[in-house]
DNA sequence: CCCTCTTTGCGTATGGCCTACGCAAATTAG
DNA sequence: CTAATTTGCGTAGGCCATACGCAAAGAGGG
């Protein structure tokens with residue numbers, strides 16, 4: 002049993018003798034999440050969390066072996082239950098719903114995606130999400146390995162999107178001008194049409210001429226579009242598989258290999 | 002002109018009087034990159050970089066206003082020229098080539114994707130890559146805004162993939178057992194078929210029964226597959242646009258809105 | 001040649017961070 | 001009541017970024 006599982010499933014044996022603990026690992030985790038929600042992951046230090054709990058810094062190390070372990074606990078405790086899938090919905094509606102659910106998690110805990118991913122999912126909440134997403138693909142032509150592949154691709158994309166947004170939001174907060182009209186103006190100055198003709202064409206078409214390039218609704222719309230492109234690809238792949246099977250010319254996928 | 006541009010394009014005015022500088026911002030950046038390549042981004046401290054250059058820590062602050070600024074400089078200096086596109090190739094081959102080129106950058110500088118993205122691309126190298134990727138889409142039915150959207154989607158995905166891999170590699174280094182057979186075994190113990198049936202089915206199908214789940218060639222293959230799914234989606238979108246245009250029933254895209 | 005002004009090099013110091021260690025206080029088993 | 005065990009936590013060490021101030025080095029004007 003890998004260490005992560007024991008930690009995240011609370012399988013560490015409780016002591017029977019000695020002074021009673023005044024806290025639990027869950028208390029520490031909850032306090033750390035409260036700090037992260039209020040002031041960002043950067044504000045989560047052992048000292049800050051201890052102050053939140055009215056304890057001394059070093060007391061926390063009785064419940065958590067290291068700060069890394071605390072972060073691991075946060076990565077499971079911050080998740081809510083995944084949304085329920087309506088009965089009879091198709092796979093695509095289900096995945097879209099779950100992807101939006103991940104965005105909701107991010108909205109509540111923007112620091113979530115700054116946590117390093119140290120391995121395959123191990124905590125109960127993470128596995129529950131994993132299961133829920135996989136369940137949308139059960140009745141599709143994808144085999145088990147492909148289902149995992151599609152889910153991993155989805156997670157990579159959504160994760161990447163949320164991280165990018167977190168970082169852009171931070172960049173916007175401490176330097177809004179680099180998202181404003183000055184951006185397009187600078188490009189017009191610096192981009193030589195001979196060296197970067199494609200970019201120059203984009204600039205001249207006015208794609209960057211907005212008061213701000215950091216606009217939440219726009220980002221949401223872009224997210225939906227990109228997700229749809231990916232899901233279109235998945236749908237096309239399923240269609241190929243179904244066709245192969247009905248023609249039954251024998252086994253091999255026609256999935257393009259490169 | 003936003004501050005980032007002045008910094009990254011070397012547009013700060015050189016002093017005419019006074020003691021001669023013994024270094025340049027480029028020297029500092031290069032040394033920092035050498036440290037990051039050899040020992041990871043975590044080893045890049047002002048003191049460590051200064052030692053690399055045979056200078057004192059505080060001397061660096063004459064060339065770089067803060068560590069953040071140094072990281073920004075690194076984010077442009079670490080890039081090579083993007084690969085040349087063969088003449089006459091189609092958009093898809095071009096994008097695939099460039100995506101692999103990004104993976105090559107990551108192989109040389111795995112820390113690259115740990116740098117925070119503080120805003121839209123500003124440095125000359127970053128803009129050159131941006132231009133090169135955009136150039137693959139010039140002769141497609143996508144309008145300028147859509148071209149940028151597709152490129153951003155691609156960058157998000159590739160970035161997300163590389164980050165995930167960096168973190169998994171780190172996790173693998175300091176805890177390989179959580180990627181081994183113990184993982185599947187733990188899931189068999191902990192995953193209740195009633196609560197997580199889809200995941201249980203995957204586990205029972207043996208999807209996790211390998212000596213290690215962290216396998217570089219496998220990850221490469223998965224990357225290619227997921228990229229292809231996304232590009233399939235883009236191709237389908239282009240096909241819809243082309244059809245709309247040839248039928249000329251008037252303007253509006255049939256791109257599904259949710 | 002010298003004086004002044006500018007710029008660099010860098011020692012010192014402050015305030016953060018994680019955490020190893022050791023001891024006192026609390027609690028339980030026998 | 002005693003011994004064993006476990007918690008609470010003070011102290012301290014070793015990292016980190018960086019503000020500040022002063023000495024050294026070089027350039028321009030006289």
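Residue numbers (my numbering), protein chains in the order written: chain A, 2 to 259; chain X, 2 to 259. Each residue gets a CB set at the ideal place from its N, CA and C atoms; glycine is no exception.
Contact check for residue 179/X against residue 194/A fails: the beta carbons are separated by 7 Å or more.
Taken atom to atom, the span from the alpha-carbon of residue 192/A to that of residue 205/A is near 11 Å. Distances from the alpha-carbon of residue 33/A to those of 19/A, 15/A, 58/A put 58/A closest. With a threshold of 7 Å between beta carbons, residue 73/X makes no contact with chain A.
Going by beta carbons, residue 131/A and residue 200/X fall inside the 7 Å limit. Between residue 112/X and residue 41/X, the C-beta gap is smaller than 7 Å, which places the two residues in contact. Proximity of chain X to residue 176/A at the Cβ level (cut-off 8 Å) is accounted for by 3, 4, 5, 119, 120, in chain order.
Against chain X, the beta carbon of residue 36/A has no neighbour under 7 Å; the closest one sits roughly 20 Å away.
When only Cα atoms are considered, residue 100/A and residue 215/A end up about 21 Å apart. Judged by DSSP in its simplified three-state form, residue 10/A adopts coil rather than helix or strand. Pairing residue 127/X with residue 102/X, the inter-Cα distance amounts to about 13 Å. Per DSSP, residue 77/X is one residue of the alpha helix (DSSP H) stretching across 68–78. Residues of the segment 31–59 of chain A with a Cβ closer than 8 Å to any Cβ of chain X: none. Taking a C-beta distance under 7 Å as the contact criterion, residue 148/A and residue 155/A do not qualify as a contact pair. If you draw a straight line from the Cα of residue 24/A to the Cα of residue 98/A, it comes to about 37 Å. Contacts with chain X at 7 Å (Cβ-Cβ) do not include residue 67/A. When C-beta distances to chain A are compared with 8 Å, the residues of the segment 218–231 of chain X below that value are 223, 225, 226, 227, 229, 230, 231, in chain order. Exclusion of the five residues before and after residue 36/A leaves 44, 45, 49, 50, 53 as the residues of its chain whose Cβ lies within less than 7 Å of its Cβ. Setting aside the 5 residues that flank it on each side, residue 162/X is surrounded in the same chain by 224, each with a C-beta closer than 7 Å to its C-beta; the list follows chain order. Within the model, the alpha-carbon separation for residue 177/X versus residue 171/X is close to 10 Å.
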